[in-house]
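Protein chains: 2
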Amino acid sequence: MKTHKKERQTLLREAIQSTPFVTDEELAKRFEVSIQTIRLDRMEMSIPELRERIKSVATYQWNETVKALPIDEVIGEMVDLELDNRAISILDISKEHVFSRNQIARGHHLFAQANSLAVAVINDELALTARADIKFMRQVKSGERVIAKATVTGKDPKGRTVVEVDSYVDQDHVFSGVFEMYRSNEHKGVETDENRS
Amino acid sequence: MKTHKKERQTLLREAIQSTPFVTDEELAKRFEVSIQTIRLDRMEMSIPELRERIKSVATYQWNETVKALPIDEVIGEMVDLELDNRAISILDISKEHVFSRNQIARGHHLFAQANSLAVAVINDELALTARADIKFMRQVKSGERVIAKATVTGKDPKGRTVVEVDSYVDQDHVFSGVFEMYRSNEHKGVETDENRS
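Here the protein sequences line up with chains S and P, keeping their order.
Here this note's numbering is used: the first residue of the first sequence is 20, the next is one more, and so on.
Here this note's numbering is used: the first residue of the second sequence is 20, the next is one more, and so on.
So, in structure tokens, the structure goes:
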């Protein structure tokens, strides 16, 4: 929809409030203006860029520390963490992550982001991946930003912690994985959605 | 079994002939001697070390070229290839591959070795991973050598090529993965074991 500046800025503010992870590219498409126009709108309204928004949305409740590995061993930049519950990380895909021939991100980098997030979310000194069922839904190209969201969904029958990780580029779901994590204090485990409610 | 040198060397030669991927460590354990003794035995009998044996076993039939990616983008050292049939690679686990805290290899490196082998075995200019079901069976430590074997097992109902990858340290099965690979010439596909026999 094409709108006047004032109207557009009002709608823009609403859009960013309701979906804080939306990118400038996405907003430009939605409002049928250039990305530069969106940036100027944001600056006029003092709305920070996506990365800063993600951090501010995330970190107000991020007062926990990664336990299972040093934070610099997490692949991507972690922006949110609630141990044994959820975590979010960002990975900017660059030349080093893609096949030279077609600039498509190599699967093991998306896997590494998701898998290290699944390790990081575990509230234990030791967390190892026992099994994973993963899907690559659409190709990710050099220059794209992948946001991975990990959610602890429960325990499997063997007492392992199950972590689901979904990764997005803009609104596109690009990767999903279900990780069964071994931990040293398996008997403690986590609550499932069922017994938590 | 403890044996005299001459007898041991005869048995050693037979053992290596029947299982060429056996390591010096494994042989030392089997013959109840030191690894150094096995190395000296091998030198006396002019039997090359494992890496060279794998290459010589493998390359006599390796007259094909990787198609889906440049060979230097394969993670690990590829030592055998028969397109749309099977491939083998070796990855030596070093400091860069392990968690700093416990020296256990990080899952994404074993995944990267297996996944890039699954890509490399495809006889197509374009091969991308659509889905994978993977298991980590035992921890791999820094200093261990992982041998991954990929086998093309058929097509799934969507016409994707299915590649099974099993990775070993000595005789231990450390990783297994079933990869569903998308390729540009899906209609060509591959024969299954059933219609090949």
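Quick reminder that beta carbons are idealized off the backbone N, C-alpha and C, glycines included.
Under 7 angstroms by beta carbon: chain P residues contacting residue i
| i | result |
| --- | --- |
| residue 119 of chain S | 89 and 92 |
Interface partners of residue i on chain S, CB under 7 angstroms
| i | result |
| --- | --- |
| residue 130 of chain P | 127 and 130 |
| residue 168 of chain P | Result: empty, since nearest Cβ-Cβ is about 18 angstroms, beyond 7 angstroms. |
Local Cβ density within 10 Å of residue i, reported as buried at 16 or more and exposed below that
| i | result |
| --- | --- |
| residue 79 of chain P | Its pLDDT being 47, under 50, residue 79 of chain P is placed unreliably in this model, and the value from its coordinates should be taken loosely. Residue 79 of chain P should be labelled exposed. |
| residue 134 of chain S | buried |
| residue 53 of chain S | exposed |
| residue 97 of chain P | buried |
| residue 113 of chain P | exposed |
| residue 204 of chain P | exposed |
| residue 121 of chain P | exposed |
| residue 163 of chain P | buried |
| residue 178 of chain P | exposed |
| residue 132 of chain S | buried |
| residue 29 of chain S | exposed |
| residue 213 of chain P | Only weak support exists for where residue 213 of chain P lies, its pLDDT of 40 falling under 50; the coordinates are left without a value. |
| residue 62 of chain P | exposed |
| residue 200 of chain S | buried |
| residue 38 of chain P | exposed |
| residue 31 of chain S | buried |
| residue 202 of chain P | buried |
| residue 65 of chain P | exposed |
| residue 23 of chain P | exposed |
| residue 90 of chain S | exposed |
Contact with chain S by residue i, beta-carbon distance below 9 angstroms
| i | result |
| --- | --- |
| residue 204 of chain P | no |
| residue 154 of chain P | yes |
| residue 122 of chain P | no |
| residue 161 of chain P | no |
Residues sharing a beta bridge with residue i, DSSP
| i | result |
| --- | --- |
| residue 168 of chain P | P:107 and P:185 |
| residue 197 of chain S | S:152 and S:183 |
| residue 147 of chain S | S:201 |
| residue 173 of chain P | P:181 |
| residue 192 of chain S | S:187 |
| residue 48 of chain P | Answer by DSSP bridge pairing: none, since residue 48 of chain P is not bridged. |
| residue 160 of chain S | S:123 |
Partners in chain S for residue i, counting only beta-carbon separations shorter than 9 angstroms
| i | result |
| --- | --- |
| residue 150 of chain P | 152, 153, 154 and 155 |
Beta-carbon neighbours of residue i, restricted to chain S and to distances below 8 angstroms
| i | result |
| --- | --- |
| residue 8 of chain P | The displayed coordinates of chain P run from 20 to 216. Any statement about residue 8 of chain P would go beyond what the structure contains. |
Closer than 9 angstroms to chain P by CB, residue i
| i | result |
| --- | --- |
| residue 134 of chain S | yes |
Runs of beta strand (DSSP E) lying entirely within the stretch 75 to 125 of chain S, each at least 3 residues, in chain order: 96 to 101 and 105 to 111
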